[in-house]
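Just below is one structure, and these are the notes that go with it.
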Ligand code: SIN
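Residue numbers (my numbering): 18 to 534.
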């Protein structure tokens, strides 16, 4: 059966898109794919909020535009920046109508401030903005009878002309693996939407959940879809690394917005020596400042000193951070928090136009897996949820229109073959996949991280290529598993990212090659 629309990924962008389409036309059939349960993904972990101009006495659309362009370091598409910032309030109102609530003080939004913002404009719900939005969207999307949700399914490959033998050059859906049944199913669709997020898991330390393995990016790359700006990987300056299991927990920039200071192991403040904006300089500058400090001192972390924030404020505005720190023996506000930079956000991805359409007909990309031109070389804090809302809206409108255009007939899809290769007798050795994944993360962290060098990138390319060849052999000889699917995507994206990084010849935003200083 051919679906009208297949949405792969169920974070803020995928769900917003699905809700809009399902609401607009109840006759359309939508299938949503989620790699774990519907709520698991980057959106749930977004602490900061949504950047929206609210206080017109101090703030303005122009200021938000300028802050976005400055953070993006000359690489943003200014037309995109303008419409995203202008459309922000409309999208926020809609989210509120759907049930999302944001913190208020005396009937006005309690606006926060984060790195790179010249005014307070972050609308948030405590330190759990993403979780709250995710739950609201999940509840809403489940109310539509025309939406089918498949949890625990992973994208394997997009279906393109290569599979259909047609010359039309479009996307016809996707092959996905059911983790429970361990079988690969074909889902044919007139329109396919990638909302699969980024690939923070390419790095040893990431604020992203483990599901962020760049599945949509890997599949799009294999389908020869245009991709750009992949080397603009943003590291969040302040992540708390658990001493026992090395798990990473994000400490939102809003904490620095509320007055927390960064100190080295001699307890000296160091950011003001690097940038006059100090702790609230754009994220790339703060992350590099911390990393450099770590390289120059004995301890492999710096301190985030939140003693200027009262205990009441910690508990009220940052309850999750307060509780998590306490569980690790860090008692706020007295104790400083040990923090490190961690891979956080892919500014680049599948290149899309202003309606989120990719270079492959029938394929849209929304959210972190897309490259819209908004972020340039460095995303401004709290612009990602905003981008997801604005582009999901535009994609939904465009998509509904495009379903009226001439499309392949239903009987065309019957010719698309089932997935081949499920009859391999050999079962993958899970330990091999784990070791290769760790080796890849080690290479990316050491050579393609915050500080890069020409030689380091070359070395990374060679070693990634070796892993790529090994993964190809595993893929060709074994029954496909979720873990192997992820590794295949990760290694493809690591390779492309490292290749693109060698083509960049000047430092810009988050991209920093020490040989170009
Ligand atoms: C944060 O709260 O610091 C992260 C928000 C974002 O990535 O924009």
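For each residue, glycine too, the CB sits at the ideal point set by N, CA and C.
Query                                                                                                                        : Result
Whole-Å CB distance - residue 268 paired with residue 255, under 8 Å assumed                                                 : 4 Å
Distance CB(residue 226)-CB(residue 62) smaller than 8 Å                                                                     : yes
Contact check, residue 398 vs residue 131, beta carbons under 8 Å                                                            : yes
Reference residue 283, options 305, 296, 320, closest by Cα                                                                  : 320
heavy atom of the ligand SIN below 7 Å from residue 269 C-beta                                                               : yes
Buried or exposed by the 16-neighbour rule on C-beta atoms within 10 Å, applied to residue 68                                : buried
Three-way DSSP call (helix, strand, coil) for residue 59 in this model                                                       : helix
Neighbourhood of residue 298 by C-beta distance below 8 Å, restricted to the same chain and skipping five residues each side : 132, 133, 288, 291, 292, 306
Distance, residue 420 Cα to residue 294 Cα                                                                                   : 49 Å
Residue of 53, 171, 208 minimising C-alpha distance to residue 373                                                           : 208
Which of helix, strand or coil DSSP assigns to residue 30                                                                    : helix
Check: residue 134 C-beta below 7 Å from any heavy atom of the ligand SIN                                                    : no
Span separating the alpha-carbon of residue 484 from that of residue 117                                                     : 44 Å
Cβ-Cβ distance between residue 33 and residue 406 below 8 Å                                                                  : yes
Beta-carbon spacing of residue 234, residue 506 below 8 Å                                                                    : yes
The region 95-115 contacting the region 160-173, beta-carbon criterion three pairs below 8 Å                                 : no
Contact set for residue 156: own chain, Cβ-Cβ below 8 Å, skip 5 residues either direction                                    : 116
Residue 146 versus 447, 493, 509, 336, residue with shortest Cα-Cα distance                                                  : 336
Buried versus exposed, by CB contacts within 10 Å (16 or more), residue 57                                                   : buried
Residue 38 versus residue 387: straight-line alpha-carbon distance, rounded                                                  : 19 Å
Cα-Cα separation between residue 277 and residue 352, rounded to whole angstroms                                             : 12 Å
Residue 149: CB within 7 Å of a non-hydrogen atom of the ligand SIN                                                          : no
Cα-Cα separation between residue 491 and residue 356, rounded to whole angstroms                                             : 38 Å
Residue span of the beta strand (DSSP E) that contains residue 171, given as start and end                                   : 170-175
Cβ distance (whole Å) where residue 272 is taken to contact residue 323 below 8 Å                                            : 6 Å
Proximity below 8 Å, CB of residue 345 to CB of residue 259                                                                  : yes
Closer than 7 Å: residue 83 CB and nearest the ligand SIN heavy atom                                                         : no
The beta strand (DSSP E) enclosing residue 490, as first and last residue numbers                                            : Where residue 490 is concerned, there is no enclosing beta strand (DSSP E), although the alpha helix (DSSP H) it sits in stretches over 471-494.
Cβ shell of residue 460 (< 7 Å), same chain only, five flanking positions each side left out                                 : 477, 480, 481
Collapsed DSSP secondary structure at residue 297 in the structure displayed                                                 : helix
Whole-angstrom C-beta distance between residue 469 and residue 538, which should lie under 8 Å                               : Given a span of 18 to 534 for the chain in the structure shown, any question on residue 538 remains unanswerable.
Per DSSP, the bridge partner or partners of residue 91                                                                       : Its beta-bridge partners do not exist; DSSP assigns none.
Nearest-angstrom Cα separation, counted from residue 473 out to residue 523                                                  : 16 Å
Rounded separation between residue 501 and residue 425 - CA only                                                             : 32 Å
As assigned by DSSP and simplified to three states, the class of residue 80                                                  : helix
Every unbroken beta strand (DSSP E) within the region 313-339, with a cutoff of 3 residues, ordered by chain                 : 319-322
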